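**Student:**
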Amino acid sequence: MTNPSRPRLLLLLGSGPGIGVSVASRFARSHFSAVALIARNAEQLSKDRAAVLAAAADAGRQVEVRTWQTDVSELELLEKTLREVEAFGSVECVYFNAARVAPSPLLEFPVEGIEADFRVSALALYTTARWAMPLLLKNNSHPEDWAPAFLVTSSLLPASPFPDWFALSMTKAAQANLVKSLEQVFSPQGVHVGLVVVWGIVSTDSAGLNPGHIAEQAWKLYSQKREEWTSQVTIYDDGRVQWEDTI
């Protein structure tokens with residue numbers, strides 16, 4: 008059984024000015040007493056930490072936020088970082104948001120670039136899952152208000168790939184397949200595994216695909232009662248939200 012006196016910990020991999028910091032801020036406002044942020048950019052991590060602390064304070068909550076400057080594609084470094092995060096608190100939710108989002112022209116993009124993309128979106132996710140699942144399973148014996156979860160940002164690309172972004176399309180398809188496999192094994196054991204499917208391009212000007220709205224839907228997915236769990240939430244540009252599987 009996880010020690011209930013330790014902080015309830017959200018780990019967010021792939022922090023940044025869009026979905027990442029918005030999800031961390033939304034979750035910190037309502038539930039978690041500790042937030043761990045992982046990203047490559049130290050300056051951005053500092054800004055994200057301040058934003059999460061401010062969001063929690065606005066909600067009248069005290070939250071400890073720590074940051075780790077880590078390139079998740081460097082798997083040995085990622086494993087070391089995860090061991091350090093484990094000492095920070097009781098891991099209750101892992102949110103994986105890391106990805107390389109950039110064009111990759113079909114048949115022109117180098118193989119090395121595809122391999123690098125897979126390391127970020129698929130291999131780092133697999134490494135994180137191997138570390139996280141045993142810890143999340145420990146929370147099954149916790150009080151009912153504990154909600155172990157493993158959530159991943161996805162997109163329309165597994166269902167509708169873009170040739171000019173084919174590498175990201177490939178890695179997102181592989182990522183979704185891995186998450187579905189994890190869901191089949193671990194959701195019956197009490198870990199809520201799910202995809203936050205962003206059906207388009209994230210923009211602060213979008214009615215549905217602005218970071219705040221996406222974070223709110225991610226929170227609703229996380230906070231579902233166990234008997235009502237869904238494995239996906241899909242968010243559209245016009246603000247529509249769908250809870251049935253779309254990919």
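Read in order, the letters of the sequence shown are residues 8 to 254 in the working numbering.
Each residue gets a CB set at the ideal place from its N, CA and C atoms; glycine is no exception.
Since the model is a prediction, treat every value here as computed from it, not as a measurement.
Could you check the C-alpha separation between Phe125 and Ser80 for me, to the nearest Å?
**Tutor:** Position 118 of the sequence shown, counted from the first residue, corresponds to residue 125. Position 73 of the sequence shown, counted from the first residue, corresponds to residue 80. Roughly 8 Å between the two C-alpha positions.
**Student:** List the whole-angstrom C-beta distance separating Gly23 from Gln69, where the pair is believed to meet the contact cut-off of C-beta under 8 Å.
**Tutor:** On the sequence shown, residue 23 is found 16 positions in, with the first residue counted as 1. On the sequence shown, residue 69 is found 62 positions in, with the first residue counted as 1. At roughly 24 Å, the Cβ-Cβ gap does not stay under 8 Å, so Gly23 and Gln69 are not in contact.
**Student:** Alpha carbon to alpha carbon, what distance is there between Glu190 and Glu83?
**Tutor:** What you label residue 83 is simply residue 76 of the sequence shown in a count that begins at 1. What you label residue 190 is simply residue 183 of the sequence shown in a count that begins at 1. Each residue's Cα considered, the two are about 25 Å apart.
**Student:** Measure the C-alpha to C-alpha separation of Val30 and Leu130 and round it to an integer number of angstroms.
**Tutor:** Here residue 30 refers to the residue found at position 23 when the sequence shown is read from its first residue. Here residue 130 refers to the residue found at position 123 when the sequence shown is read from its first residue. If you take the alpha carbons of Val30 and Leu130, they lie about 22 Å apart.
**Student:** Under 8 Å, with one C-beta from each stretch per pair, do the region 105-114 and the region 85-96 reach the 3-pair mark?
**Tutor:** No contact exists between the region 105-114 and the region 85-96.
**Student:** How about the region 197-205 and the region 227-238: do they share at least three Cβ pairs that are nearer than 8 Å?
**Tutor:** Yes, since at least three Cβ pairs between the region 197-205 and the region 227-238 fall closer than 8 Å, the two stretches touch.
**Student:** Kindly give me the distance between the Cβ atoms of Glu99 and Leu17, rounded to whole angstroms, as I take these residues to be in contact under 8 Å.
**Tutor:** For the purposes of this step, residue 99 is identified with residue 92 of the sequence shown, where counting begins at 1. For the purposes of this step, residue 17 is identified with residue 10 of the sequence shown, where counting begins at 1. Between Leu17 and Glu99 the Cβ distance is about 7 Å, and since that is below 8 Å, they are a contact.
**Student:** Per DSSP, which one or two residues make a beta bridge with Thr160?
**Tutor:** In the sequence shown, counting from the first residue as 1, residue 160 sits at position 153. Answer is Val203.
**Student:** Helix, strand or coil: how does DSSP classify Arg73 here?
**Tutor:** For the purposes of this step, residue 73 is taken as residue 66 along the sequence shown, with counting starting at 1. Correct three-state label for Arg73: strand.
**Student:** With distances taken between CB atoms, is the gap from Phe157 to Ala139 smaller than 8 Å?
**Tutor:** The residue you call residue 157 lines up with position 150 of the sequence shown. The residue you call residue 139 lines up with position 132 of the sequence shown. Closer than 8 Å, so yes.
**Student:** Please classify Leu218 as buried or exposed, where buried requires at least 16 neighbouring CB atoms within 10 angstroms.
**Tutor:** Sequence index remark: in the sequence shown, residue 218 carries index 211 (1-based). The sequence as given places Pro at residue 218; Leu does not occur at that position. Pro218 comes out buried.
**Student:** Check whether the Cβ atoms of Gln224 and Val248 lie closer than 8 Å to each other.
**Tutor:** Within the sequence shown, the letter at position 217 stands for residue 224. Within the sequence shown, the letter at position 241 stands for residue 248. Yes.
**Student:** I'd like the span of the alpha helix (DSSP H) that includes Phe95, first residue to last.
**Tutor:** Within the sequence shown, numbered from 1, the residue matching residue 95 stands at position 88. Looking at the DSSP string, Phe95 is not in any alpha helix (DSSP H), and its letter there is neither H nor E.
**Student:** Report back the beta-carbon spacing between Lys179 and Ser128 to the nearest angstrom; my notes put them in contact at under 8 Å.
**Tutor:** Position 172 of the sequence shown holds residue 179. Position 121 of the sequence shown holds residue 128. About 6 Å separates the two Cβ atoms, so the contact holds.
**Student:** Taking its Cβ as the centre, do 16 or more other Cβ atoms sit within 10 Å of Ile208, making it buried, or is it exposed?
**Tutor:** Start at 1 with the first residue of the sequence shown, and residue 208 comes out as number 201. With fewer than 16 Cβ atoms within 10 Å of its Cβ, Ile208 is classed as exposed.
**Student:** Helix, strand or coil for Leu113, going by three-state DSSP, please let me know.
**Tutor:** By one-based count along the sequence shown, residue 113 stands at place 106. Correct three-state label for Leu113: coil.
**Student:** Is it buried or exposed, Val101, if we count other Cβ atoms within 10 angstroms and call 16 or more buried?
**Tutor:** Counting from 1 along the sequence shown, the entry for residue 101 is found at position 94. Buried, since its Cβ has 16 or more Cβ neighbours within 10 Å.
**Student:** What is the rounded straight-line gap between the Cα of Ala46 and the Cα of Ser53?
**Tutor:** Looking up residue 46 in the sequence shown gives position 39. Looking up residue 53 in the sequence shown gives position 46. About 10 Å.
**Student:** Where DSSP assigns a beta bridge to Thr241, which residues make up the other side?
**Tutor:** Reading the sequence shown from its first residue, position 234 is the one you call residue 241. Paired residue(s): Val204 and Gln249.
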